[in-house]
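Below is one structure; the comments refer to it alone.
There are 2 protein chains.
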Amino acid sequence: MRAVKKASFPTPEDAEAAFYEAIERGDIDALMEVWSDDDEILCVHPGGERLTGVEQVRESWAQILRSGRALKVHLADQVVVQGMMLSIHSLHENILVQGESRARAPVVVTNVYQRGTTGWRMVVHHASPAPQPAGAHVDPPAKTLH
Amino acid sequence: MRAVKKASFPTPEDAEAAFYEAIERGDIDALMEVWSDDDEILCVHPGGERLTGVEQVRESWAQILRSGRALKVHLADQVVVQGMMLSIHSLHENILVQGESRARAPVVVTNVYQRGTTGWRMVVHHASPAPQPAGAHVDPPAKTLH
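Note that the protein sequences, when read in sequence, are chains G and H. Going by this note's numbering, the first residue of the first sequence is number 6, and it counts up by one from there. Going by this note's numbering, the first residue of the second sequence is number 6, and it counts up by one from there.
Dropping the structure here:
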């Protein structure tokens, strides 16, 4: 049985690492441990509506992870704006879905972490589709074998 | 002639009000006064790439405002996460373009303001297309007159 909120994240970077590890493992409980318990947590998936509160945020991630297809998330271009109690991380996610040969179109993300009594927790995850980088390699359509 | 950074924004709300007023007036100088001078300012327009630094951010807004078509921005659903030195504002922008009869599809926005020696300044503006709200009224295609 899992204890509630056992994890502690001494830095925003620890929280961010745990967030993406949980996505790659498909572990919804570990993912939600990274989020603050605050009612005002905010999550926007690419092209999706803004979600608020633990219940909506958990349900949306449960749907994503429920597919059972493993995800690999490569992070790039990180920029951090660090405050005393809040830390803003801007980055690109390059997501590879198990069974697909190429990464999905990149996603531009603003993650916000808040310092609380149990370390740093995520309060905002705003993800949106980024254009393909200029000069990105595009594979020709795969040839069928029959 | 305009003095540089004359404006002072005692609260994040003052900075946000000045930001949207500058957009509605099409005033690029007033708009850039709201932004921090920090090299690490970050801006994402809906569907666009992530822009960093004053030069890229200014050029992108200059292009938007250069069209000369007045914009009205109605803000809704604001949620604020307030820290000592950083303030996160999540909201929806409903934008009406002069000459168009209906608002564009809503935009979901994360704005981040940072407290500095001259008050609060914008450091992040992340805007992305939001889905139309369920039940949104959709006009039939306009009839042509000939």
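Beta carbons: idealized from backbone N, C-alpha and C, even for Gly.
- At a cut-off of 9 Å between beta carbons, V128 of chain G contacts chain H.
- The beta-carbon distance between E98 of chain H and V117 of chain H, rounded to whole angstroms, is 15 Å. This is too long to meet the 8 Å contact definition.
- Look at the beta carbons and you see the stretch 66-74 of chain G not touching the stretch 37-44 of chain H: under three pairs across the two are nearer than 8 Å.
- Within the same chain, and ignoring the five residues on either side of A75 of chain G in sequence, the residues whose Cβ sits closer than 6 Å to its Cβ are Q103.
- T16 of chain H and E26 of chain H have their C-alpha atoms roughly 16 Å apart.
- Contact check for P136 of chain H and G88 of chain G: beta-carbon distance about 31 Å, past the 8 Å limit, so the pair fails to qualify.
- Shown here, S95 of chain H sits in a strand according to DSSP, grouped into three states.
- In the displayed model, D43 of chain H falls within coil according to three-state DSSP, outside both helix and strand.
- For L80 of chain G, no CB of chain H lies under 9 Å from its own CB, so it is not counted at the interface with that chain.
- One thing to note: I46 of chain H has its Cβ no nearer than 9 Å to the Cβ of V129 of chain G.
- Relative to D44 of chain H, the option among H:P51, H:I33, H:D34 and H:L56 whose CA is nearest is H:L56.
- For T115 of chain G, a Cβ of chain H is located within less than 9 Å of the residue's own Cβ.
- Membership of R126 of chain H in any alpha helix (DSSP H) is not indicated; the residue belongs instead to the beta strand (DSSP E) covering G124 to P134.
- For the C-beta of G124 of chain H, not a single chain G residue is nearer than 7 Å; the gap to the nearest is close to 15 Å.
- Shown here, Q87 of chain G sits in a strand according to DSSP, grouped into three states.
- Between H79 of chain G and A132 of chain G, the C-beta gap is not smaller than 9 Å, which leaves the two residues out of contact.
- Just so you know, the alpha carbons of D82 of chain H and E29 of chain H end up roughly 19 Å apart.
- Annotated three-state conformation of R55 of chain H is strand, per DSSP.
- The beta carbon of P136 of chain H falls within 9 Å of a beta carbon belonging to chain G, placing the residue at that interface.
- Under the Cβ distance rule, Q61 of chain H does not count among the residues neighbouring chain G, no pair being separated by less than 9 Å.
- Straight-line spacing of the CA atoms in P111 of chain H and L96 of chain H works out to 10 Å.
- DSSP places R120 of chain G in the uninterrupted beta strand (DSSP E) bounded by V112 to G121.
- Here the alpha carbons of G31 of chain G and R71 of chain G stand approximately 8 Å from one another.
- Just so you know, the alpha carbons of P134 of chain G and A12 of chain G end up roughly 31 Å apart.
- At a beta-carbon threshold of 8 Å, the residues of chain G lying near Q119 of chain H are V86 and G88, ordered along the chain.
- Among the residues facing chain G, L70 of chain H is not included, as its CB has no counterpart in that chain under 9 Å away.
- Close to L56 of chain G, with beta-carbon spacing below 8 Å, lies no residue of chain H; the smallest spacing is near 10 Å.
- Between F14 of chain G and T122 of chain G, the CB-CB gap reaches or exceeds 9 Å.
- In the DSSP assignment, D19 of chain G falls within the unbroken alpha helix (DSSP H) covering P17 to R30.
- Looking from the CA of L91 of chain G, the closest CA among G:G73, G:S106 and G:W125 belongs to G:W125.
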